[in-house]
Amino acid sequence: MIEMDVELAISRKVKILGLDYRKSEDELIWCSSTMEVSKLFWVSGYLICMEVPEKSFEHEIETGEFIISQLCFTKCPKYERFKSIARGGQIPVVDMSSMKLFQEIAKVLATRESST
């Protein structure tokens with residue numbers, strides 16, 4: 001059997017270029033549906049919509065820095081797998097509570113929300 005070396009290369013830094021608080025779930029869901037976002041994220045009582053540029057992953061591999069070009073968020077105390085879209089249909093919501101990246105983002109959102 002061939003042995004394989006496994007190396008963890010965890011991102012050292014996350015850079016969010018644009019961060020906006022939305023007044024309601026409906027506002028965030030409508031915006032995400034018009035922008036053709038395929039899914040939303042939920043962590044620590046927040047519903048999140050984010051745009052990650054295609055080259056962000058390449059940049060992360062080269063530098064260890066993960067780029068999010070735009071992140072919008074709103075309060076959402078209860079996790080639900082799907083959110084209804086006003087024009088009909090649903091958008092999936094992924095529970096990211098167990099992921100370190102999203103836990104750290106939620107900490108930033110909590111401080112940002114209190115200053116809004």
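Just so you know, the sequence shown maps onto residues 1 to 116 in my numbering.
Backbone N, C-alpha and C define an ideal beta-carbon position, used for all residues, glycine too.
These numbers come from a predicted model, not from an experiment.
field: Beta-carbon separation (whole angstroms), Ser44 vs Ala86, contact threshold 8 Å
entry: Counting from 1 along the sequence shown, the entry for residue 44 is found at position 44. Counting from 1 along the sequence shown, the entry for residue 86 is found at position 86. So it is not a contact: roughly 26 Å between Cβ atoms.
Query raised in the report: If you draw a straight line from the C-alpha of Phe82 to the C-alpha of Ser56, how long is it?
Result: Your numbering for residue 82 matches position 82 in the sequence shown. Your numbering for residue 56 matches position 56 in the sequence shown. Approximately 27 Å, taken between the alpha carbons.
Among the residues of its own chain, which have a CB less than 8 Å from the CB of Pro53, if the five just before and after it don't count?
-> By one-based count along the sequence shown, residue 53 stands at place 53. Within the same chain, Pro53 has close Cβ partners Ile67, Ser69.
*Going by beta carbon distance, what residues of the same chain come within less than 8 Å of Thr74, once the five residues before and after it are set aside?*
Residue 74 sits at position 74 when you count from the first residue of the sequence shown. In chain order, Tyr21, Arg22, Lys23, Ser24, Glu25, Glu27, Leu28, Tyr46, Leu47 place their CB closer than 8 Å to the CB of Thr74, counting only its own chain and leaving out the 5 sequence neighbours on each side.
Checklist line | Glu51: first and last residue of the uninterrupted beta strand (DSSP E) it sits in | finding: What you label residue 51 is simply residue 51 of the sequence shown in a count that begins at 1. That run of the beta strand (DSSP E) goes 46 to 51.
- So His59 and Glu51 are in contact, right, with Cβ under 8 Å, and what is the actual spacing, rounded? Within the sequence shown, residue 59 is the residue found at index 59, counting from 1. Within the sequence shown, residue 51 is the residue found at index 51, counting from 1. Not a contact, Cβ separation roughly 15 Å.
request  = Report the rounded CA-to-CA distance for Ser121 versus Asp95, giving the unit in angstroms.
outcome  = It is not possible to answer for residue 121, since the shown part of the chain is limited to 1 through 116.
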